[in-house]
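**Student:** Just so you know, we're using numbering that gives the first Met the number 0 here: the sequence shown kicks off at 0 and counts up by one.
Cβ coordinates follow ideal geometry from the N, Cα and C atoms, glycine included.
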Amino acid sequence: MRRLLLAATLVVAALAHGQETGPAAEIQDALDARMAQQSDKWFEDGHFPVILQMLKVQQEWYPLEEEVATDLSWMYKNIERPDLELITVSRYAKRNATEKDHLYPLANFYFLAKSYVNVISILAGIEKQVPAPHPNAFRILAHSYSKVGLHKDSLRIWDAYIKMAPDDLQAKNNRQKVADVISGKSKPTETPLPNTGPKRGKPPVKPPKGG
Numbered sequence: 000m001r002r003l004l005l006a007a008t009l010v011v012a013a014l015a016h017g018q019e020t021g022p023a024a025e026i027q028d029a030l031d032a033r034m035a036q037q038s039d040k041w042f043e044d045g046h047f048p049v050i051l052q053m054l055k056v057q058q059e060w061y062p063l064e065e066e067v068a069t070d071l072s073w074m075y076k077n078i079e080r081p082d083l084e085l086i087t088v089s090r091y092a093k094r095n096a097t098e099k100d101h102l103y104p105l106a107n108f109y110f111l112a113k114s115y116v117n118v119i120s121i122l123a124g125i126e127k128q129v130p131a132p133h134p135n136a137f138r139i140l141a142h143s144y145s146k147v148g149l150h151k152d153s154l155r156i157w158d159a160y161i162k163m164a165p166d167d168l169q170a171k172n173n174r175q176k177v178a179d180v181i182s183g184k185s186k187p188t189e190t191p192l193p194n195t196g197p198k199r200g201k202p203p204v205k206p207p208k209g210g
């Protein structure tokens with residue numbers, strides 16, 4: 000296990016500073032796939048420290064890769080270290096300020112922590128962003144507005160998103176629920192009392208890749 004981690008470290012370090020085309024790219028792709036497979040096995044066996052070490056190294060090699068940052072933050076969540084989880088996604092946001100989705104991992108951290116005011120603070124104004132961020136950024140922002148009782152703002156974000164994705168039926172359904180609250184046809188399902196920060200809780204199961 001440690002030999003594989005050391006070998007992966009040496010090979011990827013060499014490739015990371017070399018040309019990533021042709022045979023080198025094929026070798027790197029094969030190594031990345033092997034490391035991902037081994038990481039899954041380590042996770043099943045509970046070898047979290049080894050996975051964390053590998054991901055921390057990968058984050059230094061690939062600072063622009065969102066998947067590496069989010070995988071590392073998920074591992075910190077599994078060992079109940081929200082402080083390190085927050086540091087990881089904050090670092091990604093700062094390092095990738097020119098990427099359209101650089102704020103999403105940080106905002107999603109606060110959303111899962113039910114710190115809705117922070118989500119709003121981070122993502123407010125995304126409807127004006129060009130190019131538009133990931134659809135999930137609109138979803139968690141709209142839900143966060145609803146959670147704190149700002150239903151008109153929630154409706155505004157749903158409208159902005161639906162203009163870009165008119166076939167998203169779930170978004171339309173969510174938009175209608177907010178509209179019904181505003182019109183008085185239904186009552187809010189959430190009490191507008193947002194948390195001010197993350198809380199520790201039961202560590203989640205790592206989501207399947209591609210899910």
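Since I believe Val180 is in contact with Leu186 (beta carbons under 8 Å), could you give me their beta-carbon distance rounded to a whole number of angstroms?
**Tutor:** The residue given as residue 186 occupies position 187 in the sequence shown. The residue given as residue 180 occupies position 181 in the sequence shown. The displayed chain sequence assigns Lys, not Leu, to residue 186. So it is a contact: roughly 7 Å between Cβ atoms.
**Student:** Can you tell me the Cα-Cα spacing of Pro206 and Asp152, whole angstroms?
**Tutor:** Within the sequence shown, residue 206 is the residue found at index 207, counting from 1. Within the sequence shown, residue 152 is the residue found at index 153, counting from 1. Unreliable placement is indicated for Pro206, whose pLDDT of 41 sits below 50; the coordinate value is still reported in the next sentence. Whole-angstrom Cα-Cα distance: 30 Å.
**Student:** May I have a chain-ordered list of the alpha helix (DSSP H) segments no shorter than 4 residues that lie completely inside the stretch 42 to 80?
**Tutor:** 47 to 60, 65 to 77
**Student:** Grab me the residues of Pro62's own chain with a C-beta within less than 6 Å of its C-beta, minus the 5 sequence neighbours each way, in chain order.
**Tutor:** By 1-based counting over the sequence shown, the position of residue 62 is 63. If we look at Pro62 and ignore the five residues flanking it on each side, its Cβ neighbours are Arg94.
**Student:** Starting from His142, trace the alpha helix (DSSP H) both ways and give me its first and last residue.
**Tutor:** Sequence index remark: in the sequence shown, residue 142 carries index 143 (1-based). Where His142 is concerned, the enclosing alpha helix (DSSP H) stretches over 134 to 146.
**Student:** What distance in whole Å lies between the Cβ atoms of Tyr91 and Glu65, which are believed to be in contact at a cut-off of 8 Å?
**Tutor:** In the sequence shown, the residue the question calls residue 65 occupies position 66. In the sequence shown, the residue the question calls residue 91 occupies position 92. Contact flag correct, Cβ pair sits at about 7 Å.
**Student:** Label Ala68 either buried or exposed according to how many other C-beta atoms from any shown protein chain fall within 10 Å of its C-beta, with 16 as the threshold for buried.
**Tutor:** By 1-based counting over the sequence shown, the position of residue 68 is 69. Ala68 is buried by the Cβ-count criterion.
**Student:** Could you give the first and the last residue of the continuous alpha helix (DSSP H) run that contains Ser114?
**Tutor:** On the sequence shown, position 115 is the one that residue 114 refers to. Taken as a continuous stretch (DSSP letters only), Ser114 belongs to no alpha helix (DSSP H), as it is neither H nor E.
**Student:** Can you list, in chain order, the residues of its chain with a C-beta nearer than 6 Å to that of Val88? Leave out the 5 residues immediately preceding and following it.
**Tutor:** The sequence position of residue 88 within the sequence shown is 89, counting from 1. Answer for Val88: Ser72, Pro104, Leu105, Phe108, listed in chain order.
**Student:** Report the rounded CA-to-CA distance for Lys127 versus Val56, giving the unit in angstroms.
**Tutor:** Your numbering for residue 127 matches position 128 in the sequence shown. Your numbering for residue 56 matches position 57 in the sequence shown. So the two alpha carbons sit approximately 35 Å from each other.
**Student:** Any idea what DSSP makes of Glu25, helix, strand or coil?
**Tutor:** For the purposes of this step, residue 25 is identified with residue 26 of the sequence shown, where counting begins at 1. Helix.
**Student:** Can you grab the Cα-Cα spacing for the pair Arg80 / Pro48, in whole Å?
**Tutor:** Counting from 1 along the sequence shown, the entry for residue 80 is found at position 81. Counting from 1 along the sequence shown, the entry for residue 48 is found at position 49. Each residue's alpha carbon lies about 13 Å from the other.
**Student:** Would you mind giving the Cβ-Cβ distance between Ile125 and Ala136, rounded to the nearest angstrom? I have them listed as a contact below 8 Å.
**Tutor:** In the sequence shown, the residue the question calls residue 125 occupies position 126. In the sequence shown, the residue the question calls residue 136 occupies position 137. With a Cβ gap of about 6 Å, Ile125 and Ala136 count as contacting.
**Student:** Thinking C-beta only, is Ile139 closer than 7 Å to Phe110?
**Tutor:** Position 111 of the sequence shown holds residue 110. Position 140 of the sequence shown holds residue 139. Contact flag set, yes.
**Student:** Do you know how far the Cα of Ile161 is from the Cα of Thr188?
**Tutor:** Locating residue 188 in the sequence shown gives position 189, where the first residue counts as 1. Locating residue 161 in the sequence shown gives position 162, where the first residue counts as 1. Using only the alpha carbons, I get a separation of about 22 Å.
**Student:** Can you name, in chain order, every residue of its own chain whose Cβ lies under 6 Å from the Cβ of His101, other than the five neighbours on each side?
**Tutor:** Looking up residue 101 in the sequence shown gives position 102. Closer than 6 Å at Cβ, skipping near neighbours: Ala92, Asn95.
**Student:** Taking Cβ positions, are Pro134 and Lys99 nearer each other than 7 Å?
**Tutor:** As a position in the sequence shown, residue 134 is number 135, starting the count at 1. As a position in the sequence shown, residue 99 is number 100, starting the count at 1. Contact flag unset, no.
**Student:** If the criterion is Cβ atoms closer than 7 Å, does the pair Ile156 and Ala141 meet it?
**Tutor:** As a first step, residue 156 must be located in the sequence shown, where it is residue number 157. As a first step, residue 141 must be located in the sequence shown, where it is residue number 142. For Ile156 and Ala141, yes; Cβs fall inside 7 Å.
**Student:** Please name the residue in Lys176, Gln175, Pro22, Val147 whose C-alpha comes closest to that of Lys113.
**Tutor:** Start at 1 with the first residue of the sequence shown, and residue 113 comes out as number 114. Measuring from the Cα of Lys113, the nearest candidate turns out to be Val147.
**Student:** Hey, could you find the ends of the alpha helix (DSSP H) Val129 is sitting in?
**Tutor:** For the purposes of this step, residue 129 is taken as residue 130 along the sequence shown, with counting starting at 1. Unbroken run through Val129: none, as it is neither H nor E.
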